[in-house]
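Number of protein chains: 2
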Amino acid sequence: MNKVITIGRQYGSGGREIGQKVAEYYGIPFYDNELITRAAKESGFAEENFAKAEDRATNSLLYSLAMGINVYGNQDFGFNGLSLDDRIFLAQSDVIRKVADEGPCVIVGRCADYVLKDNKNCIKIFIYADFDFRRERAINVEGIDENSVNAFIAKKDKTRANYYNYYADIKWGDYNNYDLCINSAFLGIDGTTKLIEEIINIKKK
Amino acid sequence: MNKVITIGRQYGSGGREIGQKVAEYYGIPFYDNELITRAAKESGFAEENFAKAEDRATNSLLYSLAMGINVYGNQDFGFNGLSLDDRIFLAQSDVIRKVADEGPCVIVGRCADYVLKDNKNCIKIFIYADFDFRRERAINVEGIDENSVNAFIAKKDKTRANYYNYYADIKWGDYNNYDLCINSAFLGIDGTTKLIEEIINIKKK
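Protein sequence lines correspond, in order, to chains W and G.
Letter 41 of the first sequence, counting from 1, is numbered 41 in our numbering, and no numbers are missing.
So the number in our numbering is just where the residue sits in the second sequence, counting from 1, plus 205.
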């Protein structure tokens with residue numbers, strides 16, 4: 001298995017757990033939000049390079065940066081225009097491209113499908129689920145209080161959509177961005193994991 | 206295999222051909238737009254029964270009718286309010302429910318996923334594809350003229366979306382309506398057919 005698998009997911013769909021299980025099955029690295037963010041911060045790479053980036057935090061600059069177009073070398077560029085969040089996003093994008101170049105892996109979240117959209121070796125999956133399934137997981141797996149869980153899920157959806165729509169400049173969860181969108185409530189966590197393995201089997205042939 | 210499989214699809218995605226292949230594989234009946242429409246017209250059932258339906262072609266009446274709630278028996282109801290299209294849709298919905306009750310089958314189009322949304326034995330699939338894939342199929346499989354193919358596809362998309370959104374009262378292609386959404390350009394027609402068979406294998410276990 002030599003593929004990079006990106007997984008976008010609704011909160012409570014089990015997308016992260018499915019990603020972990022797929023990575024375990026193939027014995028390949030697994031990266032989630034936390035790992036990508038930590039790697040971006042630890043690289044030191046970010047601060048040093050983005051210090052040269054210009055004050056023009058437009059969508060097109062973000063796009064250029066995220067896609068790896070090199071604007072760093074130009075000393076005329078300044079740093080002030082990019083927010084800390086933007087700089088973190090760009091550093092994360094670098095980490096995502098780097099780990100994808102290193103070999104097969106599973107990457108969950110952080111607009112990885114968008115960052116790697118021109119990577120032909122990438123399988124882009126979106127995982128969603130029926131609300132009841134998500135609600136039950138939020139309560140029983142994540143420990144969210146039963147009385148506030150509906151509002152909590154709604155807020156999580158909004159945050160993820162906003163993050164994706166801002167940085168990726170396309171709509172979060174739009175099927176056109178993915179090779180496959182799976183309702184995890186249909187096959188369950190293990191069944192969905194198995195289905196992803198079958199996709200890879202079919203793709204290999 | 207005892208499932209009813211509904212397939213919604215973008216024009217040019219090969220959804221119809223995939224549905225046919227799945228039906229052949231399992232040796233179960235295949236129904237497309239044409240067959241469903243013919244069955245509805247031939248049943249005679251439509252004219253006779255809808256002649257008693259009331260003049261209130263609201264979404265909620267359509268919903269009630271499509272869901273099979275029996276309002277036919279009431280002689281106070283009149284027929285005039287429903288357009289021919291509406292009546293055909295309702296007769297088609299009856300046919301869809303009838304064939305789904307008869308046993309496993311594949312049904313393509315005609316909002317079958319919506320008509321059968323409360324049928325627990327149903328697997329709901331949406332098939333889409335990259336534009337280039339659809340364009341190539343439109344030209345080479347459907348024989349659409351190369352010069353007008355882009356406009357042709359756009360019009361087909363619009364017609365299907367309008368039809369679905371009008372009768373189903375929910376958004377066509379919204380992943381929440383489906384168990385699985387597959388980009389047929391990713392695995393190809395045969396690969397996507399195989400994937401649907403694998404879904405059924407996993408579901409059986």
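Beta carbons: idealized from backbone N, C-alpha and C, even for Gly.
Every value quoted in this text rests on a predicted model; they were computed, and no experiment measured them.
Chain W contact residues for residue i, given Cβ-Cβ distances below 7 Å
| i | result |
| --- | --- |
| E403(G) | L195 and E198 |
| I387(G) | L180 |
Per-residue contacts from residue i into chain G (C-beta, under 8 Å)
| i | result |
| --- | --- |
| D145(W) | In chain order: nothing, as chain G lies at least about 25 Å away. |
| L116(W) | Per Cβ cutoff of 8 Å: no residues; L116(W) is ~15 Å from chain G at best. |
Close Cβ partners of residue i (< 8 Å) along its chain, the five nearest in sequence each way excluded
| i | result |
| --- | --- |
| C327(G) | K208, V209, I210, T211, A305, D318 and L321 |
| Q293(G) | Sequence check: residue 293(G) is Ile here, not Gln. Excluding positions up to five away in sequence, the list reads T242, A245, K246 and A251. |
| A138(W) | Y11, G12, I144, V149, F152 and I153 |
| N33(W) | V108, G109 and R110 |
| T398(G) | I223, K226, V227 and Y230 |
| R434(G) | A query on residue 434(G) cannot be resolved here, the shown segment of chain G reaching from 206 to 410 and no further. |
| E351(G) | I344 |
| Y175(W) | F126 and C181 |
| E142(W) | G12 |
| N201(W) | none |
| E403(G) | none |
Beta-carbon contacts of residue i that lie in its chain and below 7 Å, excluding the five residues immediately before and after
| i | result |
| --- | --- |
| A373(G) | C316 and Y319 |
| G224(G) | I212, F235, V311 and V313 |
| N119(W) | V4 and A100 |
| S60(W) | With a pLDDT of only 45 at S60(W), under 50, the local geometry of the prediction cannot be trusted, and the value read off the model is given with reservation. Excluding sequence neighbours, S60(W) sits near nothing in its chain. |
| D76(W) | With a pLDDT of only 34 at D76(W), under 50, the local geometry of the prediction cannot be trusted, and the value read off the model is given with reservation. There are no such residues. |
| S394(G) | According to the sequence provided, residue 394(G) is Ile. The question's Ser does not apply to it. For I394(G), where only same-chain residues beyond five positions count, the Cβ hits under 7 Å are G219, E222 and I223. |
| G273(G) | Note that G273(G) has pLDDT 48, beneath the 50 cutoff, so the model's placement of it is unreliable and no number is given. |
| K409(G) | none |
Chain-ordered chain W contacts of residue i [CB-CB under 8 Å]
| i | result |
| --- | --- |
| G378(G) | Y175 |
Sequence-distant residues of the same chain with beta carbon closer than 6 Å to residue i, five excluded per side
| i | result |
| --- | --- |
| F152(W) | I144 |
| Y164(W) | C111 and W172 |
| G232(G) | none |
| N162(W) | none |
| G220(G) | I212, R214 and I332 |
| K361(G) | Y216 |
| Y401(G) | Reading the sequence as shown, one finds Ile at residue 401(G) and not Tyr. If we look at I401(G) and ignore the five residues flanking it on each side, its Cβ neighbours are V227. |
| V300(G) | I241, A244 and A245 |
| D179(W) | I123 and K124 |
Distance cut-off 8 Å: residue i Cβ against heavy atoms of the ligand SAM
| i | result |
| --- | --- |
| Y31(W) | This structure lacks the ligand SAM, and indeed carries no ligand of any kind. |
Test: residue i CB closer than 9 Å to a CB of chain A
| i | result |
| --- | --- |
| G191(W) | Among the chains of the structure shown, chain A does not appear; the protein chains present are W and G. |
Contacts of residue i in chain G (Cβ-Cβ under 7 Å)
| i | result |
| --- | --- |
| I202(W) | L392, G396, K399 and L400 |
Query raised in the report: Are the segment 325–340 of chain G and the segment 379–389 of chain G touching, with three or more C-beta to C-beta distances below 8 Å?
Result: yes
Report task. Check each residue of the segment 329–351 of chain G: if its Cβ is closer than 7 Å to any Cβ of chain W, include it; give the result in chain order. Result -> Y333
**Report entry** Segments assigned beta strand (DSSP E), at least 3 residues, entirely inside the segment 315–370 of chain G
**Finding:** 327–333
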